[in-house]
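Below: one structure, written as structure tokens.
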Amino acid sequence: MSKSPKIVLAAMVTALALVVAVFLVLFVGRGDSGRADRPGEGAPDAAGTATSPQGHPDGYSSDLWGRQVVTNGVSGQPLGALSPSGDRCTIDPTATIQTSHGAQTMWTTSHGPVAVRGGIPVGYAQTATGAALAGWNYRILLFAGGDVTAAVAPHIDFGSTAKGQALATRARTPGEFDRDDAMMATLVPEAVKVVTCKDDFMVVDMAHKFFGDRNGKFDPPRWDVMRFAMTWRDGDWVYSIDSLSSSGEVIYSIDGWTRWAL
Numbered sequence: 004m005s006k007s008p009k010i011v012l013a014a015m016v017t018a019l020a021l022v023v024a025v026f027l028v029l030f031v032g033r034g035d036s037g038r039a040d041r042p043g044e045g046a047p048d049a050a051g052t053a054t055s056p057q058g059h060p061d062g063y064s065s066d067l068w069g070r071q072v073v074t075n076g077v078s079g080q081p082l083g084a085l086s087p088s089g090d091r092c093t094i095d096p097t098a099t100i101q102t103s104h105g106a107q108t109m110w111t112t113s114h115g116p117v118a119v120r121g122g123i124p125v126g127y128a129q130t131a132t133g134a135a136l137a138g139w140n141y142r143i144l145l146f147a148g149g150d151v152t153a154a155v156a157p158h159i160d161f162g163s164t165a166k167g168q169a170l171a172t173r174a175r176t177p178g179e180f181d182r183d184d185a186m187m188a189t190l191v192p193e194a195v196k197v198v199t200c201k202d203d204f205m206v207v208d209m210a211h212k213f214f215g216d217r218n219g220k221f222d223p224p225r226w227d228v229m230r231f232a233m234t235w236r237d238g239d240w241v242y243s244i245d246s247l248s249s250s251g252e253v254i255y256s257i258d259g260w261t262r263w264a265l
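Just add 3 to the spot in the sequence shown (first one is 1) and you have our numbering.
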């Protein structure tokens, strides 16, 4: 890459709305990339993690906004099988935050993820909710580094430009992509909105609430908008890095959005 995200992000820790700008420099272009096949429901991954819930959680905690966070192994554990109901374009807001490699990831009982493969939560419903979950989980775990980044890379469309393909090569090579602690510390968004809903393509916006700065909480509150463009390919969702070029808007109300019930 021509520019290190760590260098820019270090200057933006107190202003997360600008985080996306770092990646606008890094990730441009469109196109297709390879991806792993979706695991069959009930099939274990290479480490033997099955698609059904495994035992009891290791523990519970709360995040900055007082939401429950579950720790259940290093990667998290599936909560159920794919059994979506109702309008596929309407968000089902009930979800659970589980830690995965130290990051907040989102899990549900009916829209996925239904398996853990290579340390990555995979297997999502062909619904707007499934697309939102997949987008968030794949995006944040891309920055875990090492084997985790290599495992999630097949679920990312890096585009067709030389820069995008160079990034894809690095991401798919264990040890070539360093962990980005600033990105991994980003908390699960507060609300979600469906922008486009088609059988094989979804665009979902999520509103991530800012805490504040060195002077305290923001008043009035504000959110930055994260966009997730998702393509249904070979039985699962693929996240487009180009989504980042449409992220970063700051809003001061989430009226009309669907709040995640976490």
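Yeah, the Cβ is synthetic: ideal placement off N, Cα and C, and Gly gets one too.
Taking its Cβ as the centre, do 16 or more other Cβ atoms sit within 10 Å of residue i, making it buried, or is it exposed?
i: A169; result: exposed
i: V198; result: exposed
i: Q107; result: buried
i: Q80; result: buried
i: Y127; result: buried
i: N75; result: buried
i: Y255; result: exposed
i: S243; result: buried
i: T172; result: exposed
i: D245; result: buried
i: D208; result: buried
i: L265; result: buried
i: S88; result: exposed
i: G138; result: buried
i: S78; result: buried
Considering Cα atoms alone, identify which of the options is closest to residue i.
i: W240; options: N140, L67 and G178; result: N140
i: I100; options: S64, D202 and S256; result: S64
i: V117; options: M209, G215, D245 and G83; result: G83
i: M187; options: P223, S243 and F146; result: F146
i: T130; options: A185, F204 and D222; result: F204
i: T189; options: G238, L144 and E252; result: L144
i: H211; options: M233, L136, P124 and E193; result: E193
i: L136; options: T97, A156, H104 and G178; result: T97
i: G149; options: G138, V125 and A174; result: A174
i: A185; options: H158, G105, E179 and P177; result: G105
i: E252; options: F213, W235 and A154; result: F213
i: A156; options: C200, T132, G133 and V125; result: V125
i: R120; options: T152, D222 and S248; result: T152
Any Cβ of chain C within less than 9 Å of the Cβ of residue i?
i: P81; result: The chain inventory of the structure shown lacks chain C, comprising one protein chain alone.
Q | Contact between the region 162-179 and the region 252-260 (3+ Cβ pairs under 8 Å) | A | Fewer than three beta-carbon pairs drawn from the region 162-179 and the region 252-260 are found closer than 8 Å, and the two stretches are therefore not classed as touching.
Q: Would you mind listing the beta strand (DSSP E) stretches within the region 222-246 that are 3+ residues and don't spill past its ends, in chain order?
A: If only uninterrupted beta strand (DSSP E) runs of at least 3 residues are considered, those enclosed by the region 222-246 are 226-236 and 239-243.
(Q) Quick test of the definition: if touching needs 3 or more C-beta pairs under 8 Å, does the region 225-237 touch the region 109-116? (A) By the Cβ criterion, the region 225-237 is not in contact with the region 109-116, since fewer than three pairs of Cβ atoms, one from each stretch, lie closer than 8 Å.
**Q.** Length-filtered (3 minimum) beta strand (DSSP E) runs lying within the region 49-107
**A.** Counting only runs of 3 or more, we get 62-65, 71-74 and 99-103.
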